[in-house]
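A.B. asks: Taken in order, the sequence shown gives residues -1 to 363; the numbers are from the working numbering. Glycine residues also receive a C-beta, built at the ideal position from the N, C-alpha and C atoms. Attaching a single structure in structure tokens format; questions to follow.
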Amino acid sequence: MAIDIKPKESCQYDIISLGEVMLRLDPGEGRVHTARQFTAWEGGGEYNVARGLRRCFGLRAAVVTAFAENPVGRLIEDFILQGGVDTRFIQWKDYDGVGRTVRNGLNFTERGYGIRGAVGVPDRGHTAASQLKVGDVDWEYIFGECGVRWFHTGGIYAALSDTTPDVVIEAVKIAKKHGTIVSYDLNYRPSLWKSIGGHAKCQEVNREIAKYVDVMIGNEEDFTACLGFEVEGVSEQIGNIQVESFKKMIATAVKEFPNFQATGTTLREVHTATVNDWSAICWHDGEFYESQQYPRLEIMDRVGGGDSFASGLVYGFLAKNDPQQAVDYGAAHGALAMTTPGDTTMASCKEVEKIMKGGGARVVR
């Protein structure tokens, strides 16, 4: 069996994502608190998936988000345009000149090196995307008239404000009504949930959204924190997870949420900030599919690796509709994305497929 991707008579987009897109400011190999210059990128947990599917895999992608109408917002828009993602569903909000009422998010990000872990310093209060409310987006038009094969969103956007959980729920309900596959990356961030109800609110929101999800993505901490499923033998300080225990937890999760057609999970063992073991597992139709192993993978920038896994997984299902290929595309794409700077992929589909086939790092001439 494969995922039930229904054909659409009129389909303008392979994938649309809903989420906040921030301006990432990167001090390179230095530290945020000592930097005198930064490289600017765009990034966002949900957006990165659509961008990867467009830029690496060549699918038709769009993003639903909102920006304050000022030069920073237009800079982020320019990055999105460079990535080939359709911007027609971006909403622009009047800027007051100060940022008291609406602004654009910033994310200062240190890559980490050796014993020094990566650090993210997000500055996202009062962002335009976090202020979207039910009724602000014409989902009936997007899913009913434009036609969308796959919709992706996640737990970062759902945690941004009091209103964003309802926006996500509105979107996934209408997506399901029109036969669009829904994927959701749990992406647990305790700092985001703290001011809007904490862990209890996190589980309440994510368990409601989970009822409408076809492909659930997340690591062991995500499933535990967001959905309340425990992994046997794993403490709060999750380290070298026992894969069999994790599989048992997934089996429990899919019984409670029989609407899950697949789940995808990355497995990462951190030796240092720049050396990780990396692999992935996909569950589909009662079977588990494990990716190629990437032991002691050398990391340049780990931020966005999970999002690139998600985009590879989605591509594997959309293009091949095969769970083994999906998890292999995901793991290889995530591995490649972590060898380059920035949140978003710089890989090509040909490079991903070379890695999937066991290709090495010899010079290409």
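1. Just to confirm, is the Cβ distance from Tyr182 to Ala223 under 8 Å?
2. Is the beta carbon of Val62 sitting closer than 8 Å to the one on Phe36?
3. Give the list of continuous beta strand (DSSP E) stretches no shorter than 3 residues that lie fully inside the region 72 to 110.
4. Give me the Cβ distance between Phe65 and Gly71, rounded to the nearest whole Å; I'm assuming they're in contact under 8 Å.
5. Express the C-alpha separation of Asn105 and Gly237 in angstroms, rounding to a whole number.
6. Indicate whether Ile194 and Gly17 have their beta-carbon atoms separated by less than 8 Å.
7. Below 7 Å CB to CB, which residues in the same chain sit around Trp191 once its five sequence neighbours on both sides are set aside?
8. How should Ser189 be labelled, buried or exposed, when 16 other C-beta atoms within 10 angstroms of its C-beta is the threshold for buried?
9. Provide the residue span of the alpha helix (DSSP H) that contains Met20, from first to last.
10. With 16 as the cutoff for other CB atoms within 10 Å, does Asn257 come out buried or exposed?
11. Let me know the secondary structure DSSP gives Met247 once reduced to three states.
12. Which same chain residues end up closer than 8 Å to Ser346 when comparing Cβ atoms and leaving out the 5 residues on each side of it in sequence?
13. Tell me which residues share the same chain as Ala0 and place their Cβ nearer than 7 Å to its Cβ, disregarding the 5 neighbours each side in the sequence.
14. Assign Thr272 to buried or exposed, taking buried as 16 or more other Cβ atoms, counted over all protein chains shown, within 10 Å of its Cβ.
15. With distances taken from CA atoms, which of Gly82, Asp84 and Pro69 is nearest Gly95?
16. Is the CB-CB distance between Tyr287 and Cys144 below 8 Å?
17. From the DSSP output, which residues share a beta bridge with Thr162?
18. Name the DSSP beta bridge partners of Val146, please?
19. Using the three-state DSSP reduction, which class does Ala48 fall into: helix, strand or coil?
20. What whole-angstrom Cβ distance do Lys174 and Val180 have, given they're in contact under 8 Å?
21. Could you give the DSSP three-state label for Arg205: helix, strand or coil?
22. Given that a residue counts as buried once 16 or more other Cβ atoms are within 10 Å of its Cβ, and exposed if not, what is Tyr327?
23. Report yes if the C-beta distance between Val135 and Val170 is below 8 Å; otherwise report no.
24. Drop a sphere of 10 angstroms on the beta-carbon of Pro339, count the other beta-carbons inside from all chains shown, and report buried for 16 or more, exposed for fewer.
25. In the structure shown, what three-state DSSP assignment does Phe36 receive?
26. From the DSSP output, in three-state form, read off Ser394 for me.
27. If Gly43 and Gly152 are in contact, beta carbons under 8 Å, what's the gap, nearest whole angstrom?
28. Which value, in whole angstroms, describes the spacing of the CA atoms of Arg77 and Gly115?
29. Measuring straight from C-alpha to C-alpha, what distance separates Ile3 and Gly357?
30. In angstroms with no decimal places, state the Cα-to-Cα distance between Gly310 and Arg52.
31. Just to confirm before moving on: does the CB-CB distance between Ala249 and Leu225 stay below 8 Å?
32. Under the assumption that Thr342 contacts Gly302 (Cβ atoms under 8 Å), give the Cβ distance between them as a whole number of angstroms.
C.D. replies: So, from the listed chains and residues:
1. The beta carbons of Tyr182 and Ala223 sit no closer together than 8 Å.
2. No, Cβ-Cβ distance for Val62 and Phe36 is not below 8 Å.
3. Taking 3 residues as the shortest admissible run, the region 72 to 110 contains the following complete beta strand (DSSP E) segments, listed from N- to C-terminal end: 88 to 91 and 104 to 108.
4. Yes, they are in contact, since the Cβ atoms of Phe65 and Gly71 sit about 3 Å apart, within 8 Å.
5. Unreliable positioning characterises Gly237 in this predicted model, as indicated by a pLDDT of 44, which lies under 50. A coordinate reading is not provided.
6. For Ile194 and Gly17, no; Cβs fall outside 8 Å.
7. Shown here for Trp191: same chain residues with a beta carbon closer than 7 Å to its own, the five before and five after excluded, namely Ala157, His197, Lys199 and Cys200 in chain order.
8. Classified as exposed, Ser189 has fewer than 16 neighbouring CB atoms from the shown chains inside 10 Å of its CB.
9. Counted as a single uninterrupted DSSP element, the stretch harbouring Met20 is not any alpha helix (DSSP H) but the beta strand (DSSP E) occupying residues Met20 to Asp24.
10. The residue in question, Asn257, is exposed, as its Cβ has fewer than 16 Cβ neighbours within 10 Å.
11. In this structure, Met247 counts as helix in the three-state DSSP scheme.
12. The residues are Cys54.
13. Cβ neighbours of Ala0 within its own chain (closer than 7 Å, five residues either side excluded): Asn319 and Asp320.
14. Under this definition Thr272 is a buried residue.
15. Closest by alpha carbon: Pro69.
16. Contact: no.
17. According to DSSP, Thr162 bridges with nothing at all.
18. BP columns for Val146 point to Tyr11.
19. The answer is helix: DSSP assigns Ala48 an H, G or I state.
20. Right, the Cβ-Cβ distance comes to about 6 Å (below 8 Å), so this counts as a contact.
21. Reduced to three states, the DSSP call for Arg205 is helix.
22. Counting the other CB atoms within 10 Å of its CB gives Tyr327 a total of 16 or more, which places it among the buried residues.
23. Taking 8 Å as the Cβ cut-off, Val135 and Val170 do not qualify as a contacting pair.
24. By the neighbour-count rule (16 or more Cβ atoms within 10 Å), Pro339 is buried.
25. Coil, per DSSP.
26. Outside the shown range of the chain, which is -1 to 363, sits residue 394, and nothing can be said about it.
27. Separation of the CB atoms of Gly43 and Gly152 is rounded to 5 Å, and the pair is thereby assigned contact status at 8 Å.
28. In the sequence as displayed, the identity of residue 77 is Phe instead of Arg. Their backbone Cα atoms lie some 27 Å apart in a straight line.
29. Distance between Ile3 and Gly357, taken at the CA atoms: about 31 Å.
30. For Gly310 and Arg52, the distance between alpha carbons rounds to 11 Å.
31. Here Ala249 is not near Leu225, since their CB atoms are 8 Å or more apart.
32. Confirmed, Cβ separation roughly 6 Å.
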